[in-house]
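**Q** Please see the structure below; I have some questions.
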Amino acid sequence: MGNKITVKNLNFFYGKDQALFDISLKIPEREVMAFVGPSGCGKSTFLRVLNRMNDTIPYARIEGEVKIDGKDIYKAKTDVVALRRMVGMVFQKSNPFPKSIFDNVAYGIRINRMHSSKKDLADRVEKALKDAALWDEVKDRLPTSAFGLSGGQQQRLCIARALAVQPEVILMDEPASALDPIATQKIEELVVELKKDYTIVIVTHNMQQAARISDRTAFFMLGKLIEVNPTEKMFTNPDDKLTEDYITGRFG
Amino acid sequence: MTMLTALCAIFAITILVIILAYIAVRGVSAINIEFLIDTPKPVGEGGGIGNAILGSALMTLLATAIGLPIGIGAGVYLAEFGDNWFGNTVRFLSDTLIGVPSIIVGIFVYTIVVLPMSRQSGFAGALSLAIIMIPIVARTTEEMIRLVPKSMREGALALGAPQWRVTWNIVMPAAASGIATGAMLSIARISGETAPLLFTALNSRFYNYFFDQPMASLTVQIYNYATGPFEIEHQMAWAATLILVGLILFINIVVRFLTKKKY
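If you read the protein sequences in the order shown, they are chains A and B. The working numbering numbers the first residue of the first sequence as 1 and each following residue consecutively. The working numbering numbers the first residue of the second sequence as 253 and each following residue consecutively.
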């Protein structure tokens with residue numbers, strides 16, 4: 001399979017502080033790539049480079065090349081709105097809007113004018129909720145507040161919201177870190193299910209989680225990409241001594 | 253500790269209750285239908301505050317129509333784009349303007365509107381009230397918008413929403429009840445203002461529906477009745493005060509009801 005995302009010699013700065021050093025990485029299409037590494041190593045920063053979420057941070061500066069489907073997303077004439085529609089994001093802390101369950105999922109469809117009729121909108125919302133494995137739990141309470149859902153349900157709602165705009169890539173920033181084991185398991189099953197249709201990049205602190213759901217793993221430390229390998233190799237026979245120390249829990 | 257703070261709370265609420273009760277007791281006896289709809293008459297012939305109620309309502313309405321959009325717009329700017337020298341300047345000047353005695357706003361409007369037009373008018377009165385309102389609304393709006401978590405904005409941005417849509421249909425609705433509370437407080441504040449109306453709207457003995465003419469207001473009417481020499485006038489001042497307080501309370505309750513959180 002081809003590479004969906006290609007990053008070459010990426011450097012990233014917050015003002016004078018450099019957060020990412022010379023990162024080159026290829027992310028294949030329709031696979032799950034996990035980013036692991038100690039806190040503050042730049043995984044989340046790197047994730048947010050991929051949908052230009054760092055644009056909102058003043059003094060952030062980027063060098064190097066990030067290509068999605070062969071197109072440089074940091075070119076001056078890039079349509080950031082279209083980019084973010086194509087590269088969806090799920091955040092560490094679920095962040096539903098103060099709207100109904102239905103309107104949360106419908107939001108992205110509406111702002112991007114993707115629906116042809118009310119019926120179409122309802123169908124798209126239903127499909128997104130089904131794809132996020134949430135439909136059966138919420139189908140009778142769509143007009144009620146999204147804040148009435150449990151933590152795990154809220155996070156799956158946020159996934160449904162991201163799926164509703166039909167992205168090609170989904171970035172997940174520690175999506176299960178605030179959830180209990182059962183809710184976490186649901187999210188993990190969902191990720192494995194979703195990779196049939198989407199390219200998924202997931203940041204996680206949970207080594208077992210990375211081992212369970214990802215096809216490839218990238219290990220970051222202090223803003224540098226130490227190693228990228230198929231997950232199985234990474235967890236059994238890593239190339240780098242640092243990687244081995246980290247995943248066996250010797251530091252971090 | 254609990255006791256002490258509880259005592260303070262009781263003290264604060266007691267004073268409020270005493271004031272309200274005293275106004276109610278003194279004012280209620282003079283209120284009747286005639287008082288509510290009549291215009292002022294010479295002492296001893298009855299008369300009422302009908303035109304003053306209308307004048308206050310009209311001027312508050314116009315002031316709100318001018319002040320609320322500008323205030324909310326300025327607040328949104330300060331919160332979303334105001335982290336620069338311009339924003340800081342606007343913020344500082346707003347805080348200063350909030351602290352300026354309202355009579356100075358009255359004199360200012362007198363100079364720039366009343367003198368060139370050569371007459372006092374309801375418009376000049378409403379403009380003074382709007383000027384008092386804008387900085388209050390702007391600052392409360394800013395505070396409320398800043399309370400909306402960053403994660404919520406990012407969620408919308410990540411779906412491909414442009415900045416203005418994020419502000420308009422995620423941030424503003426999330427802050428709506430807070431913004432409405434600020435608006436409500438500022439409306440309550442301007443409905444109680446007397447000083448800025450004294451030389452701008454002046455007063456009127458008649459029903460006046462036009463903003464280019466001097467206009468009566470409850471507060472100025474209360475001032476006139478309260479400073480009059482006759483007991484009957486004092487009674488009418490109490491009654492008008494009760495009506496004013498009642499109206500402000502009514503606005504508060506209505507806005508509370510309208511902005512009740514849905515989600």
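Glycine included, every Cβ here is placed at the ideal spot set by N, Cα and C. Predicted, not measured: the structure shown is a model, and the values here were computed from it.
(1) Would you kindly work out how many angstroms separate the C-alpha atoms of arginine 457/B and lysine 512/B, rounded to a whole number?
(2) Just how far apart, CA to CA, sit phenylalanine 21/A and alanine 76/A?
(3) Determine which residues of the stretch 77-101 of chain A have a Cβ less than 9 Å from any Cβ of chain B, and write them out in chain order.
(4) How is the alpha helix (DSSP H) around aspartate 120/A delimited, first residue to last?
(5) List, in order along the chain, the chain B residues whose C-beta lies closer than 8 Å to that of asparagine 51/A?
(6) With H, G and I counted as helix, E and B as strand and the rest as coil, what does DSSP make of isoleucine 322/B?
(7) Which partner residues does arginine 216/A have in the DSSP bridge list?
(8) Does any CB atom of chain A fall closer than 8 Å to the CB of alanine 432/B?
(9) If you reduce the DSSP assignment to three classes, tell me which class serine 100/A lands in.
(10) With a Cβ-Cβ cutoff of 8 Å, do phenylalanine 375/B and aspartate 464/B count as a contact?
(11) Looking at the strands, I want to know which residues DSSP matches up with leucine 20/A.
(12) What residue range is occupied by the uninterrupted beta strand (DSSP E) comprising threonine 199/A?
(13) At a Cβ cut of 8 Å, what residues of the stretch 110-123 of chain A count as close to chain B, listed as they run along the chain?
(14) Would you check if the distance between the CB atom of methionine 89/A and the CB atom of alanine 410/B is smaller than 8 Å?
(15) For chain B, find out if any of its Cβ atoms is closer than 8 Å to the Cβ of tyrosine 59/A; answer yes or no.
(16) Along chain A, which residues have their Cβ under 8 Å away from the Cβ of methionine 311/B?
(17) Buried or exposed for tryptophan 490/B, going by 16 or more other Cβ atoms inside 10 Å?
(18) Relative to chain A, which residues along the stretch 320-351 of chain B have a C-beta separation below 7 Å, given in chain order?
(19) Can you confirm whether the stretch 225-243 of chain A touches the stretch 52-65 of chain A when touching is taken to mean that 3 or more C-beta pairs between the two stretches lie within less than 8 Å?
(20) Within 10 angstroms of its Cβ, does phenylalanine 263/B collect 16 or more other Cβ (buried), or is it exposed?
(21) So, helix, strand or coil for glutamate 168/A, using DSSP?
(22) On the three-pair Cβ rule with 8 Å, is the stretch 361-370 of chain B touching the stretch 297-307 of chain B?
(23) Just tell me which of Gly15/A, Gly42/A, Leu50/A, Asp17/A has its CA closest to the CA of valine 7/A.
(24) Would you report the Cα separation of alanine 378/B and alanine 315/B, rounded to the nearest angstrom?
(25) Tell me where the beta strand (DSSP E) around glutamate 63/A begins and ends.
(26) Could you check if lysine 118/A is buried or exposed, using at least 16 other CB atoms within 10 Å of its CB as the buried criterion?
(27) Beta strand (DSSP E) containing valine 90/A: first to last residue?
(28) Note the first and the last residue of the continuous alpha helix (DSSP H) segment covering glutamate 483/B.
(29) Using the three-state DSSP reduction, which class does serine 308/B fall into: helix, strand or coil?
(30) Nearest to phenylalanine 102/A by alpha carbon, out of Ile213/A, Glu137/A, Met33/A?
(31) Does any residue of chain A have a CB that is nearer than 8 Å to the CB of serine 429/B?
(32) How should cysteine 158/A be labelled, buried or exposed, when 16 other C-beta atoms within 10 angstroms of its C-beta is the threshold for buried?
(33) How is the alpha helix (DSSP H) around methionine 424/B delimited, first residue to last?
(34) Taking the CB atoms as reference points, tell me whether glutamate 188/A and glutamine 209/A lie closer together than 8 Å.
(35) Determine the contact status of alanine 81/A and proline 414/B, defining contact as a CB-CB distance below 8 Å.
**A** The answer reads as follows:
(1) 40 Å
(2) 22 Å
(3) Val80, Val81, Ala82, Leu83, Arg84, Arg85, Met86, Val87, Gly88, Met89, Val90, Phe91, Gln92, Lys93, Ser94, Asn95, Pro96, Phe97, Pro98, Lys99, Ser100
(4) 118-131
(5) Ala410
(6) helix
(7) Met33/A, Pro230/A
(8) no
(9) strand
(10) yes
(11) Phe12/A
(12) 199-203
(13) Ile111, Asn112
(14) yes
(15) no
(16) Ordered by position in chain A, no residue passes the 8 Å Cβ test against methionine 311/B, which lies about 35 Å from the chain.
(17) buried
(18) none
(19) no
(20) exposed
(21) coil
(22) no
(23) Leu50/A
(24) 5 Å
(25) 60-68
(26) exposed
(27) 87-90
(28) 483-510
(29) helix
(30) Glu137/A
(31) no
(32) buried
(33) 424-443
(34) yes
(35) Reading off the sequence shown, one finds valine at residue 81/A, where the question assumed alanine. Yes, these two residues count as a Cβ contact at 8 Å.
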